[in-house]
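Here is the structure we will look at, set down as structure tokens.
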Amino acid sequence: MKKSLSILFAFLLIFTIALPAHAASSTKATVYYNGEKLALTEAPFIEKGKTYIPLRSYFEELGYTVTYSGKAKSITVSYDGFESIIDLNTNKVSEYGEVVVDKLDIIKRNNTTYAPLRELQPVTLLNIDFNKATNSIYLTDMYTIPEEETTDPELASQGFLWKVENNGNVVYLLGSIHVGDEALYPLRTEITEAFDASDVVVTEVDVTKPLTKKEEEAIQKLMYYEDGKTLRDHVSPEIYAKLVDLAKKKGLNMQVIDKTKVWFLNLILQELLPEDEKISSEYGIDIHFLEAAAEQKMPNLELETAYLQYNMLSSFSDEYQESSLATTLQMIEYADQGYDVNSGSDYLLDIWKAGDLATLDSMAESIKKEELDYYNGMLTNRNKGMTEKVIGYLNGTETKTYFVIAGALHMAGPDSIIKMLEAQGYKVDRL
């Protein structure tokens, strides 16, 4: 069981997505004005590459007078004799009859009206600086020179970063962890500078992009039995009995469970495990840089597809899938008894923050020795495809710099992307 648990936690260093609804949720942000944090009534958030702030609270914190007209369906904000009108029918913002914002992207949530902070810049005339490492926005008056931000090297997460060059093309390779906490940031300067120097960001899959209908239909076929068989035909009587018992305790629909394939049921049941309040995919490295790329309108490419990843998960042997399901059921039982089942996540975060490649290499070698089929499916075979993509970037006819992000275990061990590139004659430097 200990072996299976270690592999389950290593999943966080290998795999980007877990469930089909894989579009990323909103990420909270913090806004500062001339060095002081704005005490907004509702938290700003980053979504679709934009930072949304609560309209009324934002302007009031900046010292504006805010007036809402229900009859005209408009919001008037005034400051020092200047007046701007936000028309809620057309989403246009005008000043003395002249339109200054043609289409404000307004969002209404929980009776609060939000708008993108940058789109309001023609009204506030403030300097706007975005710190990608902390999801912080710094506003300053036009006459105020922003202080240069510095990162304490001792506090910054080290992570795993490499650089490879060919024919003027540059590829930065960042081994990521797909969950994180606030303490994961800031990242060391070399990582943020590599991102800032890049033209394209590349991830395993773009988790901020919803699946197409065709993709959903294809993946759906991998998730449920369509040949007349049920889950009972694919697991032992002991495991099935545990599932029946769990369904009763948790109020789950056993008829739906019966139609669900083992690999997918395993992922669904992991959602029953208690969440670590400090750790979330919102702080994951790939999400962090995808949102930063969207903020800068940086192109995004994918190393894989969602279907490829799901198909790979569904292709493991029946024995391995049942063993993984048994591990998840055991963890749910431990959690119900009050045991901490999240300590493995903390350990992986410590490895990433320290940039401990020796431990990462050892972990990859251990998985290869103990679960070769899993190792080949999750790492070796996928690494081959990712390496081909990276070589394609290096040999591209257009000179570009790519910031490639993949789970850290893809960069570690004897069959890593790094080793495969070196075997092809490329010089790969760890930064």
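With mature numbering (1 follows the signal peptide of the UniProt record, and there is no 0) applied, the sequence shown covers -23 to -1, 1 to 408. C-beta: ideal position from N, C-alpha, C; glycine also.
inquiry  = Let me confirm a value: residue 73 is counted as buried when at least 16 other C-beta atoms fall within 10 Å, else exposed. Which label applies?
reply    = exposed
ask   = In chain order, what residues of the same chain lie with their CB nearer than 6 angstroms to the CB of residue 271, ignoring the 5 residues before and after it?
value = 26
request  = Please check the pair residue 408 and residue 140, which I expect to be a contact at CB under 8 angstroms, by giving their CB distance rounded to whole angstroms.
outcome  = 6 angstroms
inquiry  = Below 8 angstroms on the Cβ atoms is my contact criterion, and I expect residue 235 with residue 208 to pass it. Report the Cβ-Cβ distance as a whole number of Å.
reply    = 5 angstroms
query = Does the beta-carbon distance from residue 277 to residue 178 come in below 7 angstroms?
reply = yes
task = Go through the segment 147 to 199 residue by residue and report every complete run of the beta strand (DSSP E) that reaches 3 residues or more, in order.
result = 177 to 180
ask   = Quick one, are the C-beta atoms of residue 93 and residue 82 less than 7 angstroms apart?
value = yes
key: Through-space distance from residue 34 to residue 90, alpha-carbon basis   = 10 angstroms
query = Name the DSSP beta bridge partners of residue 106, please?
reply = 115
ask   = From the DSSP output, which residues share a beta bridge with residue 93?
value = 29
request  = Assign residue 259 to buried or exposed, taking buried as 16 or more other Cβ atoms, counted over all protein chains shown, within 10 Å of its Cβ.
outcome  = buried
query = Grouping DSSP H, G and I as helix and E and B as strand, with all else coil, what is residue 350?
reply = helix
inquiry  = Judging by CA-CA distance, which residue of 329, 300, 157, 171 is the nearest neighbour of residue 213?
reply    = 300
Minimum length 4: unbroken alpha helix (DSSP H) runs contained in the segment 234 to 265 = 239 to 247
task = May I ask you to verify whether the segment 361 to 373 touches the segment 312 to 328, counting CB pairs closer than 8 angstroms and requiring at least 3?
result = no
message = For the segment 386 to 395 against the segment 146 to 161, do three or more pairs of beta-carbon atoms, one drawn from each stretch, fall closer than 8 angstroms, so that the two count as touching?
response = yes
task = Report the three-state DSSP secondary structure of residue 101 (helix, strand or coil).
result = helix
key: Sub-7 angstroms separation of residue 102 and residue 116 beta-carbons   = no
ask   = If we count the other Cβ atoms within 10 Å of its Cβ and call it buried at 16 or more, is residue 61 buried or exposed?
value = buried
message = For residue 29 and residue 88, I'd like the C-alpha separation in whole angstroms.
response = 15 angstroms
request  = May I have the straight-line CA-CA distance separating residue 243 from residue 232, to the nearest angstrom?
outcome  = 16 angstroms
ask   = For residue 304, is the classification buried or exposed, using 16 other Cβ atoms within 10 angstroms of its Cβ as the cut-off for buried?
value = buried
ask   = Under three-state DSSP, which class holds residue 10?
value = strand
task = Within the segment 322 to 397, note down every full alpha helix (DSSP H) run reaching 4 residues or more, in order along the chain.
result = 334 to 347, 349 to 352, 358 to 371
task = Using DSSP bridges, identify the partner residues of residue 85.
result = 90
message = Once DSSP output is grouped into helix, strand and coil, what is the label at residue 57?
response = coil
ask   = Quick one: Cα of residue 225 to Cα of residue 293, how far?
value = 29 angstroms
query = In whole angstroms, what is the alpha-carbon distance linking residue 127 and residue 175?
reply = At residue 127, the pLDDT of 49 sits below 50, so the modelled position is not reliable; the number obtained from the coordinates is stated separately. Residue 127 and residue 175: Cα-Cα distance of roughly 21 angstroms.
query = Skipping 5 residues on each side, what residues in its chain have a beta carbon closer than 8 angstroms to that of residue 171?
reply = 138, 140, 149, 151, 380, 408
ask   = Helix, strand or coil: how does DSSP classify residue 296 here?
value = helix
request  = Find out if the Cβ-Cβ distance for the pair residue 389, residue 341 is shorter than 7 angstroms.
outcome  = yes
key: CA-to-CA distance, residue 10 to residue 31, given in whole angstroms   = 15 angstroms
inquiry  = Let me make sure I understand the geometry here. Which of 40, 49, 48 has the alpha-carbon closest to that of residue 55?
reply    = 40
message = I'd like to check one pair, residue 291 with residue 220: are the Cβ atoms closer than 7 angstroms?
response = no
query = Which term fits residue 97, buried or exposed, when burial requires 16 or more other beta carbons within 10 angstroms of its beta carbon?
reply = buried
request  = May I ask which residues mark the beginning and end of the alpha helix (DSSP H) holding residue 227?
outcome  = 214 to 227
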